[in-house]
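Accompanying notes for the structure given below.
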Amino acid sequence: MPATPSAGRRYDAAGRRAAAERSRRAVLDACRYLVLRDGYRATSVRAVAQRAGVSAETVYKAFGNKPGLMKAVYDTALAGDDAPVPMGERPELLAVLGTADPVDKLRGYARFVCGVHQRLGELQAVLAAADPDLADLAAETDRERLTGVTAFVTHLRAAGHLAAGLDPVRAADACWALTSPQLYALLVNTRGWTPEEYQDQLADLLVTALLGMAPGTPRDPTRN
-15 MPATPSAGRR YDAAGRRAAA ERSRRAVLDA CRYLVLRDGY RATSVRAVAQ RAGVSAETVY
45 KAFGNKPGLM KAVYDTALAG DDAPVPMGER PELLAVLGTA DPVDKLRGYA RFVCGVHQRL
105 GELQAVLAAA DPDLADLAAE TDRERLTGVT AFVTHLRAAG HLAAGLDPVR AADACWALTS
165 PQLYALLVNT RGWTPEEYQD QLADLLVTAL LGMAPGTPRD PTRN
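All residue numbers for the sequence shown refer to our numbering, where the first residue is -15 and numbers rise by one.
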């Protein structure tokens, strides 16, 4: 009869997992701090490891290389945590998808987008700095964002909310542009808008672009 694992062994395994998670968080926090302080190019894996209190080998084993580490930092800021849950399955976005009224849905989506941009903050500026070492990462995050907004526009279309005659591909492109970090940076960082002002304006723009309605127009209750 096979031996039953002892409670001590189970505890050791749980302890090792917890320690690995703490080390991973420490590495991500260290990388974010150093990249924002010194820039991506000046931040070495060795410096990140030293600040996090781990070996450089540990960093390479967990993240592969420096771009992989930066992608993990970006993804953690994007989601708000390091849990392995896709953005499309996050409670905040699921609540938006579950909203029945299309105008309220788009206002919720604008709130979701604004929160993402606030979490990313200066990291987005690092990606936009035209560093050739980050070109692939910047392109990858743009593709991922397009995938996300395309899924949202597909959801609107399936629910019968998308404006009649609107090409869903063009609708996704418009949503991708309107929700871009570049627009957020221009309005909030350059022009001094508050995030709340940006969120309200974004909601109005999305209602017009995707629903074909002027902001504040009463919704036709006979339309799905």
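We put the beta carbon where it would ideally sit given N, CA and C, even for glycine.
Since the model is a prediction, treat every value here as computed from it, not as a measurement.
| Item | Value |
| --- | --- |
| Comparing alpha-carbon positions, which option in 10, 193 and 168 lies nearest residue 97? | 168 |
| Using 8 Å as the threshold, is the C-beta distance between residue 57 and residue 12 below it? | yes |
| With a threshold of 16 other CB atoms inside 10 Å of the CB of residue 69, please say whether the residue is buried or exposed. | exposed |
| Counting beta carbon pairs with one atom in the segment 37 to 46 and one in the segment 80 to 89, are three or more of them shorter than 8 Å? | no |
| Determine, using beta carbons only, whether residue 182 and residue 191 come nearer to each other than 8 Å. | no |
| To the nearest angstrom, how far is the alpha carbon of residue 111 from that of residue 118? | 6 Å |
| Taking contact to mean 3 or more Cβ pairs, one atom from each stretch, closer than 8 Å, check whether the segment 27 to 36 and the segment 121 to 137 are in contact. | no |
| Skipping 5 residues on each side, what residues in its chain have a beta carbon closer than 6 Å to that of residue 134? | 156 |
| Determine the direct distance from the alpha carbon of residue 100 to that of residue 198, and round the result to whole angstroms. | 26 Å |
| Quick check on residue 173: does DSSP put it in helix, strand or coil? | helix |
| With a Cβ-Cβ cutoff of 8 Å, do residue 146 and residue 137 count as a contact? | yes |
| Less than 8 Å separating the beta-carbons of residue 193 and residue 142? | no |
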